[in-house]
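In order, the protein sequences belong to chains P and S. Quick note on the numbering used here: the first sequence kicks off at 1 and runs consecutively. Quick note on the numbering used here: the second sequence kicks off at 159 and runs consecutively. Where a beta carbon is used, it is the ideal one built from N, C-alpha and C, also for glycine. Treat the numbers as computed from the prediction; the structure is a model and nothing was measured. Here is the structure we will look at, set down as structure tokens.
Number of protein chains: 2
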Amino acid sequence: MLTPEEAANIEVADFGLNDLERTGLQLVVYVNTKRCCAKELVLFPHQTCPEHRHPHVNGQPGKEETFRCRMGTVYLYVEGEPTAMPAVTPPAGDYTVRHEIVLHPGEQYTIMPNVLHWFQAGPEGAVVSEFSTRSTDEHDVFTDKRLQRATVVADSKD
Amino acid sequence: MLTPEEAANIEVADFGLNDLERTGLQLVVYVNTKRCCAKELVLFPHQTCPEHRHPHVNGQPGKEETFRCRMGTVYLYVEGEPTAMPAVTPPAGDYTVRHEIVLHPGEQYTIMPNVLHWFQAGPEGAVVSEFSTRSTDEHDVFTDKRLQRATVVADSKD
Numbered sequence: 001m002l003t004p005e006e007a008a009n010i011e012v013a014d015f016g017l018n019d020l021e022r023t024g025l026q027l028v029v030y031v032n033t034k035r036c037c038a039k040e041l042v043l044f045p046h047q048t049c050p051e052h053r054h055p056h057v058n059g060q061p062g063k064e065e066t067f068r069c070r071m072g073t074v075y076l077y078v079e080g081e082p083t084a085m086p087a088v089t090p091p092a093g094d095y096t097v098r099h100e101i102v103l104h105p106g107e108q109y110t111i112m113p114n115v116l117h118w119f120q121a122g123p124e125g126a127v128v129s130e131f132s133t134r135s136t137d138e139h140d141v142f143t144d145k146r147l148q149r150a151t152v153v154a155d156s157k158d
Numbered sequence: 159m160l161t162p163e164e165a166a167n168i169e170v171a172d173f174g175l176n177d178l179e180r181t182g183l184q185l186v187v188y189v190n191t192k193r194c195c196a197k198e199l200v201l202f203p204h205q206t207c208p209e210h211r212h213p214h215v216n217g218q219p220g221k222e223e224t225f226r227c228r229m230g231t232v233y234l235y236v237e238g239e240p241t242a243m244p245a246v247t248p249p250a251g252d253y254t255v256r257h258e259i260v261l262h263p264g265e266q267y268t269i270m271p272n273v274l275h276w277f278q279a280g281p282e283g284a285v286v287s288e289f290s291t292r293s294t295d296e297h298d299v300f301t302d303k304r305l306q307r308a309t310v311v312a313d314s315k316d
């Protein structure tokens, strides 16, 4: 359940590609202090959050995040041994990591700082809780250099 | 939704009072790394988590936590101006803070390190998501010196 203020401030990230149905993410940020952050991520069916990492900045460790699947299925790809037959194909663009982790509701995975990752929802879409250290989107490093983490706040009157 | 392993490891904290229905807490810990932590807290109707604080330890800032109410009502009391007519009464014991914050589903509050706090569920019980920095229960300081954060892991065969 969201407060009216939260519902009016759902973030929509299209990463600058203007192809939201394929590449993008919808987010509700519950809290983001200097030390910790919690969000809900909502993905459309087959929507992909593109490959990126959270680098160390000014000697401070980068963002660490745990993804816990709540609804649907999430196909998460991280650095490591490439999976021989990955379940999904990324959209056009630069994707380099292929170690597959499949998350069903109640399953989770922790991504340490600076580890490349991307994820795609299954055919039902997905809801994912993210528990992390402070979120500083402006420091995210995308593999595909066309991308940026520009956020558009959805207008609830649309 | 919980994994079978999580369901078999629900923590029951009675804080050493052996009076769980009145003073206690049930917890599922999703993740607790060096930097961040997420839990679900479940409270019986009118059950109270007793007054405590998370002190700074060895020059490191104490635990910061955000409580987000998911189900039921939570009556949270923190340092600050005492509320004239608090909604609930704590159980017998040492309770010193009376600044009331009422959380309904979708509402949340962030407790900074070293701030005394306690909370009680309303008549329907409550489910509360906790988003925080690392959880180190052994450092918690209880106002009532009889109390301790001894954890008993529920045996699913009971």
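| Item | Value |
| --- | --- |
| Per-residue DSSP class, three states only, for H297(S) | helix |
| R68(P) versus T181(S) - alpha carbon distance | 30 Å |
| I269(S) beta carbon less than 8 Å from that of E239(S) | no |
| Chain-ordered neighbours of Q108(P) on chain S, where CB pairs are closer than 8 Å | Y188 and V189 |
| Within 9 Å of chain P by C-beta, residues of the segment 203-217 of chain S in sequence order | none |
| is_contact[L103(P), chain S] using C-beta, thresh 8 Å | no |
| Identity of the residues DSSP links to Y95(P) by a beta bridge | For Y95(P), which the question treats as bridged, DSSP gives no partner whatsoever. |
| Between the CA atoms of H117(P) and K63(P) - distance to the nearest angstrom | 13 Å |
| Cutoff 6 Å; reference V246(S); Cβ partners in own chain excluding five residues on either side | Y233 and Q278 |
| Chain S contact residues for M85(P), given Cβ-Cβ distances below 9 Å | Within 9 Å Cβ-Cβ: nothing; M85(P) doesn't reach chain S, min ~25 Å. |
| Below-8 Å beta-carbon distance, E222(S) vs any chain P residue | yes |
| First through last residue of the alpha helix (DSSP H) which encompasses P61(P) | From DSSP, P61(P) is part of no alpha helix (DSSP H); its letter is neither H nor E. |
| A7(P) - containing alpha helix (DSSP H), residue span | P4 to A7 |
| Validate contact between the segment 135-146 of chain P and the segment 45-65 of chain P using beta carbons, cut 8 Å, 3 pairs | yes |
| Distance between D14(P) and P50(P) (C-alpha atoms, nearest Å) | 10 Å |
| Residue-level contact to chain P via CB, A166(S), 8 Å cutoff | no |
| Span of the beta strand (DSSP E), counted from its first residue to its last, around H117(P) | H117 to S132 |
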